[in-house]
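So the structure is just underneath, and the comments pick up after that.
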Amino acid sequence: MIQKQPVQNKAIQKSWIIYAGLSSVFASLTTILGKVGIDGVESNMGTAIRTTVVLIMSWLMVFLTQKDVQLKRTNKRELLFILLSGLATGASWLFYYRALQDGQTSAVVAIDKLSIVVTVIFAYLVFKEKLTVKALFGLLLIVGGTFFMVFG
Numbered sequence: 003m004i005q006k007q008p009v010q011n012k013a014i015q016k017s018w019i020i021y022a023g024l025s026s027v028f029a030s031l032t033t034i035l036g037k038v039g040i041d042g043v044e045s046n047m048g049t050a051i052r053t054t055v056v057l058i059m060s061w062l063m064v065f066l067t068q069k070d071v072q073l074k075r076t077n078k079r080e081l082l083f084i085l086l087s088g089l090a091t092g093a094s095w096l097f098y099y100r101a102l103q104d105g106q107t108s109a110v111v112a113i114d115k116l117s118i119v120v121t122v123i124f125a126y127l128v129f130k131e132k133l134t135v136k137a138l139f140g141l142l143l144i145v146g147g148t149f150f151m152v153f154g
């Protein structure tokens, strides 16, 4: 579903790898720290604390980068979908922290990453994105590997 696209600036072309790598590191830290932190805390409280911290950090970045003026210019339809995305994120975190509290961390994370399957199906059905044979094969490997990790 992701096709290689030409980029004009070579520096911009390679910078995404750094951000993706840092995202991966911080996502794993989220899981590890979350597992340790959620041990004696109700999952709803853990989610509330995490959401508050993310909210504060996000608004801090908005004001530091002086992007707060764009809020007034944001299309109402786009704003609705962003808000719905926030609700979905909150629900995801609630279930994720509850699963972390009760389950084995490696299995919870592996199953959580299967959200890629839902995303690909949604992109195919709703956005009419093409799924190449290579992408389908990769997706099947991810799903198969996840099931092998969790149940194997």
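Take the sequence shown: its position 6, counting from 1, is numbered 8 in my numbering, and each next residue is one higher.
Heads up, the beta-carbon is just placed ideally off N, CA and C, and yes, glycines get one too.
>> If we define contact as Cβ-Cβ less than 9 angstroms, is I113 a contact residue for chain D?
In response: In the structure shown, chain D cannot be found, because there is only a single protein chain.
> Expressed to the nearest angstrom, what Euclidean distance is found between the alpha-carbon atoms of V56 and M63?
Replying inline: So the alpha carbons of these two residues sit roughly 11 angstroms apart.
> If you drop the 5 nearest sequence neighbours on each side, which residues of the same chain put their C-beta closer than 6 angstroms to that of R95?
Replying inline: For the record, residue 95 in the displayed sequence is Trp; it is not Arg. Answer for W95: T49, listed in chain order.
> Starting from T49 and walking both ways along the alpha helix (DSSP H), at which residues does that stretch end?
Replying inline: Going by DSSP, T49 is part of the alpha helix (DSSP H) stretching over S45 to L66.
> At which residue ranges does the segment 64-102 contain complete alpha helix (DSSP H) runs of 4 or more residues, listed in the order of the chain?
Replying inline: DSSP runs (the alpha helix (DSSP H)) wholly in the segment 64-102: 72-75.
> Can you tell me whether DSSP reads L143 as helix, strand or coil?
Replying inline: DSSP places L143 in helix when its eight states are reduced to three.
> What's the gap between the Cα of I20 and the Cα of L127?
Replying inline: Going by the C-alpha atoms only, they are around 31 angstroms apart.
>> Mapping the DSSP letters down to three states, classify K136 as helix, strand or coil.
In response: Three-state result, K136: helix.
> Is the beta carbon of S30 sitting closer than 9 angstroms to the one on Q103?
Replying inline: No, they are not a contact pair.
>> Less than 9 angstroms between the C-beta atoms of V122 and L133, yes or no?
In response: Yes, Cβ-Cβ distance for V122 and L133 is below 9 angstroms.
> What's the call for I40, buried or exposed, on a 16-neighbour Cβ count within 10 Å?
Replying inline: Flag for I40 reads buried.
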